[in-house]
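*Asks:* Top line first, the protein sequences correspond to chains A and B.
Start counting the first sequence at 761; every next residue gets the next number (my numbering).
Start counting the second sequence at 761; every next residue gets the next number (my numbering).
Protein chains: 2
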Amino acid sequence: MYNFVFQNTTKLIFGKGTISTLAQEIPAGKKLMITFGGGSVKSNGVYEEVVKALQGREFIEFWGIEPNPTVETIRKAVEIGKKEGIGYLLAVGGGSVIDGTKLIASSILLERDPWDIVRKGAELDKVIPYASVLTLPATGSEMNRGSVISNREKREKFAFYTNSPEFSILDPVTTFSLPDYQVACGIADTFVHVMEQYLTTTSQSPLMDRWAEGILLTLKEIAPTITKDHTNYDAMATFMLSATMALNGFIAMGVTQDWATHQIGHELTALAGITHGHSLAVVLPGTMDIRRNEKGDKILQYGQRVWGITAKEDTEEAKSKAIDQIIEKSEEFFRSLGLKTRLSENSIGEDVVNEIVKRFKERDVHFGENRMNDYMVTEKILNRVK
Amino acid sequence: MYNFVFQNTTKLIFGKGTISTLAQEIPAGKKLMITFGGGSVKSNGVYEEVVKALQGREFIEFWGIEPNPTVETIRKAVEIGKKEGIGYLLAVGGGSVIDGTKLIASSILLERDPWDIVRKGAELDKVIPYASVLTLPATGSEMNRGSVISNREKREKFAFYTNSPEFSILDPVTTFSLPDYQVACGIADTFVHVMEQYLTTTSQSPLMDRWAEGILLTLKEIAPTITKDHTNYDAMATFMLSATMALNGFIAMGVTQDWATHQIGHELTALAGITHGHSLAVVLPGTMDIRRNEKGDKILQYGQRVWGITAKEDTEEAKSKAIDQIIEKSEEFFRSLGLKTRLSENSIGEDVVNEIVKRFKERDVHFGENRMNDYMVTEKILNRVK
């Protein structure tokens, strides 16, 4: 086990009806801006619940933080926030709204362009406090320090880190009206978040392995239910909790991480517009297969403990066959959610692959655990999932 | 899943050599008192490491917080703390030193007797900040709000709640010199902490179940190694991390809890002096057996997932037999650590049992999940483990 420092101060307020506690949680003395995505929170009643919970409090609204939030949109919010002297932010929506709000919170007190903050880092003592009401389980942004921002002009997408939310309210009822596709992408996103922290060098931490497998087994268990029915409270609550626990540091103590699938997925989203969680479902079987020599033992552990697949004998050939089955099973799982798992099925052609390879070559990137992936490996991975 | 609020702000600083970071973590402006147990931290080098890390800083030392810390001892520390204007506490030791320090931190700013705070509650805005350097994995006190204090005069033992530590430093190397018996009790304590949060109504949270089972499986995996060899860094690190994760709220989200085994165990310690973790190893097989009607399904899930024991058929008889085996296996696990699991083996006689039953009758206690245990059930449980 490696040395580590863990701290996650976000207060998680979880369950039916908890939006009504909002006013107690937001300090009265600060000028509040509430941030939103599109209009879905108006049609599903969440907007009304939030407004009712804050009755008698003044706030301004900022609408239009889009999926894969862009720095172009955030700049507008920051301008308003500076002009109005905003001292507290409340994000109401999914991971994109929260990610965007993290950049607003990190920019209001500074004279730097938000894209400069994304690329060069936030100043943690100059971040205004913010919180969230989550409506889409997927990114884990409601309980971590990360945020991913796109630059429309440059067609780029990068992560940056800031303070974590003061609190996040997770009411599973808010997820009942989600479209099937968003639920599927949320499950895939959660699954791959776990895999990025788990599919690494073996035997680093038996406990972290068990907890990662615990989330994967839970997703496997509930996926058939929630794929069909988004109104099963207990199943949606379990999904929501799993998504938060998948990326709040709880399964990352003392272990290495990978994130190669994400790095490639972000490019697919930036260039082809594919939804984030969906991009990961496409790429993961490719990274597993191309890195099977380095990750074979961990893939076998994952296959055995999560899918009950074991090598028939203790030979390299039998193990290799089991690895094939395990990768296939993982891809099948994503397909069972209703996601198309190949680039071609998602109308992503060779031009996009070539552009990614070109970018990675130009940037001379080396990424993933032990930085073992470069543009050539990326090409192989993308060709594997054509 | 039930509604819940989760927040744990403690900063966990984990790994070899981390005691050297102490000075960075403790604010310079506050007058510091360091609290200790007996002299073991002097013989194992931890005291020296702490002093070296705080070179140039002023502090006073308070020695002698005993196992099952008593309010009598804490009163002395509080008196000194008030007189010296102490503003920050650092506990160096095991769970008892940390528990005792929690009561000191909760008492210094108040004019109430510490026992009154234990019985009627702390005032959270009047608790001075405190931190810990943990040397004995067991109680989880290093990352939670709980503390258990004994009253020597009254021969009583009760829990109270306060703020959690600002930070806790966990260096597995500090555990290398622990006596076998303390390691055994620490494993038992950790195991039963998980069971208290897990052996409850089924199907409340599939994820919390998996995480609880994950800790149990990890303890099962590492116990043979660490029982023999306390100097295996990775195994001791895993033990230390497991003990902290077993009682920091991470496996308790949205589920009911039991704590019946603890309530009885505390009385055994108060009356017969048996070490806390050991008392739990004695009582648990009894609570499992006597509550088998209510907890049978969960015992079967535990048996299958942790010990690989399943009922041979889907009949009540076969299930009952499996439950017998699972309880026996749990007791065997504790015995494999070197712990005697029966009252008589620990020289605890009928007089102690009678006194506990009498106390519970007088106090009219109803405890455990759904408050289904009273003095009569307690008598059955204790007779089961004679």
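From the three backbone atoms N, C-alpha and C, an ideal C-beta is built for every residue, glycine too.
Quick caveat, the model's predicted, so the values are computed rather than measured.
Counting only C-beta atoms, is Thr899/A closer than 7 Å to chain B at any point?
*Replies:* Thr899/A does not count as touching chain B.
*Asks:* Helix, strand or coil for Lys1072/B, going by three-state DSSP, please let me know.
*Replies:* DSSP places Lys1072/B in coil when its eight states are reduced to three.
*Asks:* Going by the CB atoms, is the gap between Pro874/B and Tyr848/B shorter than 7 Å?
*Replies:* The answer is no: Cβ separation not under 7 Å.
*Asks:* Please give me, in chain order, every unbroken run of the beta strand (DSSP E) with length at least 3 that falls completely inside the region 945 to 976 of chain B.
*Replies:* Listed in chain order, nothing qualifies, since the region 945 to 976 of chain B has no complete beta strand (DSSP E) run of 3 or more residues.
*Asks:* Grab me the residues of Arg970/A's own chain with a C-beta within less than 6 Å of its C-beta, minus the 5 sequence neighbours each way, in chain order.
*Replies:* Result list for Arg970/A: empty, nothing under 6 Å.
*Asks:* Go to Leu930/A, then tell me how far its beta strand (DSSP E) extends in each direction, as first and last residue.
*Replies:* Taken as a continuous stretch (DSSP letters only), the beta strand (DSSP E) holding Leu930/A covers 927 to 930.
*Asks:* Taking all protein chains shown into account, decide if Asp1124/B is buried (16 or more other Cβ within 10 angstroms of its Cβ) or exposed.
*Replies:* Counting Cβ neighbours within 10 Å, Asp1124/B comes out exposed, since fewer than 16 surround it.
*Asks:* With 7 Å set as the bound, which would you pick, yes or no: does the beta-carbon of Glu981/A sit closer than that to a beta-carbon of chain B?
*Replies:* Yes, Glu981/A counts as interfacial toward chain B.
*Asks:* Within 10 angstroms of its Cβ, does Asn828/A collect 16 or more other Cβ (buried), or is it exposed?
*Replies:* Looking at its Cβ environment, which holds 16 or more other Cβ atoms inside 10 Å, Asn828/A is buried.
*Asks:* Cβ of Pro925/B less than 7 Å from any chain A Cβ?
*Replies:* No, because no Cβ of chain A sits closer than 7 Å to the Cβ of Pro925/B.
*Asks:* I want to verify the contact list: residues of chain A whose CB lies under 7 Å from the CB of Trp971/B, in sequence order.
*Replies:* Simply Trp971, Gly974.
*Asks:* What first and last residue would you give for the alpha helix (DSSP H) that runs through Ala837/B?
*Replies:* Taken as a continuous stretch (DSSP letters only), the alpha helix (DSSP H) holding Ala837/B covers 831 to 844.
*Asks:* Specify the secondary structure class of Tyr762/B as computed by DSSP and reduced to three states.
*Replies:* In the structure shown, Tyr762/B sits in coil (DSSP, three-state: anything other than H, G, I, E or B).
*Asks:* If you draw a straight line from the C-alpha of His919/A to the C-alpha of Gly799/B, how long is it?
*Replies:* Checking the sequence shown, residue 919/A turns out to be Ala, not His. Ala919/A and Gly799/B: Cα-Cα distance of roughly 49 Å.
*Asks:* What is the DSSP secondary structure of Leu869/B, reduced to helix, strand or coil?
*Replies:* Correct three-state label for Leu869/B: coil.
*Asks:* Cβ of Gly1098/B less than 7 Å from any chain A Cβ?
*Replies:* Not closer than 7 Å to any Cβ of chain A, the Cβ of Gly1098/B fails to qualify, so no.
*Asks:* At a cut-off of 6 Å, is Asn1133/B close to the ligand NAD when judged by its beta-carbon and the heavy atoms of the ligand?
*Replies:* Ligands displayed in this structure: none; no statement on the ligand NAD is therefore possible.
*Asks:* So that I know if they touch, is there some Cβ in chain B lying closer than 7 Å to that of Gly775/A?
*Replies:* Taking Cβ atoms only, chain B reaches closer than 7 Å to Gly775/A, which makes this a yes.
*Asks:* Pairing CB atoms from the region 1035 to 1050 of chain A with CB atoms from the region 1085 to 1103 of chain A, are three or more of them under 8 Å?
*Replies:* Yes: the two stretches touch, three or more of their Cβ pairs being nearer than 8 Å.
*Asks:* With a threshold of 7 Å between beta carbons, is Leu894/B in contact with chain A?
*Replies:* Closer than 7 Å: no.
*Asks:* How many Å lie between Asp940/B and Thr987/B at the Cα?
*Replies:* Between Asp940/B and Thr987/B, the C-alpha separation is close to 7 Å.
*Asks:* Assess, as a yes-or-no matter, whether the region 858 to 873 of chain A is touched by the region 901 to 911 of chain A under the definition of 3 or more beta carbon pairs within less than 8 Å.
*Replies:* Contact holds: three or more Cβ-Cβ distances are below 8 Å.
*Asks:* Rank Ala1012/B, Leu772/B, Gln784/B by C-alpha distance to the C-alpha of Leu894/B and give the top, closest one.
*Replies:* Comparing Cα positions, the closest option is Leu772/B.
*Asks:* Flag Asn763/B as yes if its beta-carbon sits less than 7 Å from any beta-carbon of chain A, otherwise no.
*Replies:* Chain A, which has a Cβ nearer than 7 Å to the Cβ of Asn763/B, makes this yes.
*Asks:* Measure the C-alpha to C-alpha separation of Lys812/A and Ser780/A and round it to an integer number of angstroms.
*Replies:* Straight-line Cα distance between these residues: approximately 8 Å.
*Asks:* Any residues in the region 1058 to 1073 of chain A with a beta carbon nearer than 8 Å to a beta carbon of chain B? Which ones, in chain order?
*Replies:* Against chain B - using a Cβ distance shorter than 8 Å - the region 1058 to 1073 of chain A contributes no residues.
*Asks:* Here's the rule: buried if 16 or more other CB atoms are within 10 angstroms of the residue's CB, otherwise exposed. What is Met1048/B?
*Replies:* Per the 10 Å Cβ criterion, buried.
*Asks:* Residues in the region 1001 to 1025 of chain B with C-beta within 9 Å of chain A's C-beta atoms, listed in sequence order?
*Replies:* Under the 9 Å Cβ criterion, the region 1001 to 1025 of chain B contributes Leu1001, Ser1002, Met1005, Phe1010, Met1013, Gly1014.
*Asks:* Who are the neighbours of Lys771/A on chain B, taking C-beta pairs under 8 Å?
*Replies:* In chain order: Val765, Phe766, Gln767.
*Asks:* Residues of chain A with CB closer than 8 Å to the CB of Thr778/B, please, in chain order.
*Replies:* By Cβ distance, chain A contributes Asn763.
*Asks:* Can you tell me the Cα-Cα spacing of Glu809/B and Lys776/B, whole angstroms?
*Replies:* One C-alpha to the other measures close to 12 Å.
*Asks:* Assuming Ile1024/A contacts Ile1116/A (C-beta within less than 8 Å), just tell me the rounded distance between them.
*Replies:* Yes, they are in contact, since the Cβ atoms of Ile1024/A and Ile1116/A sit about 7 Å apart, within 8 Å.
*Asks:* Rounded to a whole number of angstroms, what is the C-alpha to C-alpha distance between Lys791/A and Glu818/A?
*Replies:* Computed Cα separation, rounded: 7 Å.
*Asks:* Give the single residue among Tyr1135/A, Lys1055/A, Asn1114/A whose Cα lies nearest to the Cα of Ile1087/A.
*Replies:* Minimum Cα distance to Ile1087/A is reached at Lys1055/A.
*Asks:* Can you tell me which residues form a DSSP beta bridge with Leu850/B?
*Replies:* Partner(s): Ile794/B, Ala891/B.
*Asks:* Please tell me whether Ile825/A and Gly797/A are closer than 7 Å, where the distance is taken between their beta carbons.
*Replies:* Yes, they are a contact pair.
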